[in-house]
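Trainee: Below is one structure. I have some questions about it.
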């Protein structure tokens, strides 16, 4: 083989290799490389598995190339609902539907996590192991995230094709010192670093509050929000009788009423003034209670428990019912949300709890 022939042969081999590399660099792979750090950060902040976040982002945004993703930084197809930020209008199920528009894509990832964590219909998903991506995929469909009957299978196929489940095992240290290669501007990079800091802060808070798994990922919101029976040894701390089971929500003791009880009768049983128990429960006058009514025996808190930052309404609730559910004072809820007690809560309204 002479020199010219050898040169041509080597050039052809190099060219073939270059084409192979370019072919492997698909839009899907570029999307994953750009956003996996954000997905992992969100997993530690909210508990949504990184594999699910990435698969949904790939599917919903066409690997970041959809018009909604390009024009509105909306990677998950989240519609306006009670959104007070910028808006964009696109044809979807109906013509000219309203979608949320974000200043940068990182905000879309955070909003997607909150969309799942703070809505009652999705909370059961957080009881699943973070490695159970199949359970999450089918659970999202069951909860009504998508109408496409093939939606779970599409997510699972993406996760398995691109090995996205490996990111569910990443730690914050695995992403902490690397820059987001696909983030185009300084503001977006700052936002990504802020999200990573928030994720680390959430993990520390969860650990201090006993609400984290061994991995540092926040516990299920169902577990955090479920009232805790007060043990016998704690009754003395609250100075209450052991005559019936007492519970605690947000570290505030309460009982469930039984048939025929009133606030006044409960107050007498627990050595309280009627005015005190009415004030503790944000009610103005005594009345007979429906069985199972939550009755607090001490003042509610100014904010909800850690990691219970907000509640996204399904519709039909009142502000007082939310106050009782999370053991947060009505005045605090009104102040945090800029409303008064008469405010009518609509489906998808976001109620700030802390």
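Residue numbers (UniProt numbering): 1 to 354.
Where a beta carbon is used, it is the ideal one built from N, C-alpha and C, also for glycine.
Go to residue 100, then tell me how far its beta strand (DSSP E) extends in each direction, as first and last residue.
Mentor: Reading the chain shown from its first residue, position 100 is the one you call residue 100. From DSSP, the beta strand (DSSP E) with residue 100 extends over 97–100.
Trainee: Using only alpha-carbon positions, find the residue among 28, 305 and 312 that is nearest to residue 347.
Mentor: The count along the chain shown starts at 1 and reaches residue 347 at position 347. Of 28, 305 and 312, the residue nearest in Cα terms is 312.
Trainee: Please name the residue, chosen from 45, 64, 136 and 25, that lies closest to residue 35 on a Cα-to-Cα basis.
Mentor: The residue you call residue 35 lines up with position 35 of the chain shown. Nearest option by C-alpha distance: 64.
Trainee: In whole angstroms, what is the alpha-carbon distance linking residue 54 and residue 32?
Mentor: On the chain shown, residue 54 is found 54 positions in, with the first residue counted as 1. On the chain shown, residue 32 is found 32 positions in, with the first residue counted as 1. Answer to the nearest angstrom: the Cα atoms are 7 Å apart.
Trainee: Would you tell me roughly how many angstroms separate the C-alpha atoms of residue 113 and residue 248, rounded to the nearest one?
Mentor: For this step, residue 113 is matched to residue 113 along the chain shown. For this step, residue 248 is matched to residue 248 along the chain shown. Roughly 28 Å separates the two Cα atoms.
Trainee: Measuring alpha carbon to alpha carbon, tell me which residue in 122, 128 and 330 is nearest residue 217.
Mentor: What you label residue 217 is simply residue 217 of the chain shown in a count that begins at 1. Minimum Cα distance to residue 217 is reached at 128.
Trainee: Tell me which residues share the same chain as residue 168 and place their Cβ nearer than 6 Å to its Cβ, disregarding the 5 neighbours each side in the sequence.
Mentor: Looking up residue 168 in the chain shown gives position 168. Same-chain partners within the cutoff: 49, 50, 51, 130 and 131.
Trainee: If you reduce the DSSP assignment to three classes, tell me which class residue 339 lands in.
Mentor: Within the chain shown, numbered from 1, the residue matching residue 339 stands at position 339. In the structure shown, residue 339 sits in coil (DSSP, three-state: anything other than H, G, I, E or B).
Trainee: Quickly, what does DSSP pair residue 255 with across the bridge? List them, please.
Mentor: Here residue 255 refers to the residue found at position 255 of the chain shown. According to DSSP, which records beta bridges pairwise, residue 255 is partnered with 295.
Trainee: Helix, strand or coil, according to DSSP, for residue 352 in the structure here?
Mentor: Working through the chain shown from its first residue, we reach residue 352 at position 352. Of the three classes helix, strand and coil, the one that applies to residue 352 here is strand, per DSSP.
Trainee: Considering only heavy atoms of the ligand GDP, does any lie closer than 7 Å to the CB of residue 169?
Mentor: Looking for the ligand GDP in the displayed structure turns up nothing, as the structure carries no ligands at all.
Trainee: Can you round the beta-carbon distance between residue 139 and residue 125 to whole angstroms, since I take them to be within the 8 Å contact cut?
Mentor: Here residue 139 is taken as the residue at index 139 of the chain shown, counted from 1. Here residue 125 is taken as the residue at index 125 of the chain shown, counted from 1. Confirmed, Cβ separation roughly 5 Å.
Trainee: Could you tell me the distance, in whole angstroms, from the CA atom of residue 295 to the CA atom of residue 325?
Mentor: Translated into the one-based positions of the chain shown, residue 295 becomes position 295. Translated into the one-based positions of the chain shown, residue 325 becomes position 325. Cα to Cα, the separation comes out at about 11 Å.
Trainee: I need the boundaries of the alpha helix (DSSP H) containing residue 55, first residue and last residue.
Mentor: For the purposes of this step, residue 55 is taken as residue 55 along the chain shown, with counting starting at 1. First-last of the alpha helix (DSSP H) with residue 55: 50–61.
Trainee: So residue 277 and residue 322 are supposed to be a Cβ contact under 8 Å. How far apart are they, rounded?
Mentor: In the chain shown, counting from the first residue as 1, residue 277 sits at position 277. In the chain shown, counting from the first residue as 1, residue 322 sits at position 322. Not a contact, Cβ separation roughly 20 Å.
Trainee: Run through the DSSP bridge pairs and tell me what residue 301 is partnered with.
Mentor: The sequence position of residue 301 within the chain shown is 301, counting from 1. Answer is 328.
Trainee: Based on Cα-Cα distance, which residue from 108, 93 and 46 lies nearest to residue 71?
Mentor: If you number the chain shown from 1, residue 71 lands on position 71. Of 108, 93 and 46, the residue nearest in Cα terms is 108.
Trainee: Going by beta-carbon coordinates alone, are residue 289 and residue 262 separated by less than 8 Å?
Mentor: As a first step, residue 289 must be located in the chain shown, where it is residue number 289. As a first step, residue 262 must be located in the chain shown, where it is residue number 262. It is a contact, given that the beta carbons lie within the stated cut-off.
Trainee: By how many angstroms is the C-alpha of residue 73 removed from the C-alpha of residue 102?
Mentor: Taking the first residue of the chain shown as 1, we reach residue 102 at position 102. Taking the first residue of the chain shown as 1, we reach residue 73 at position 73. Going by the C-alpha atoms only, they are around 5 Å apart.
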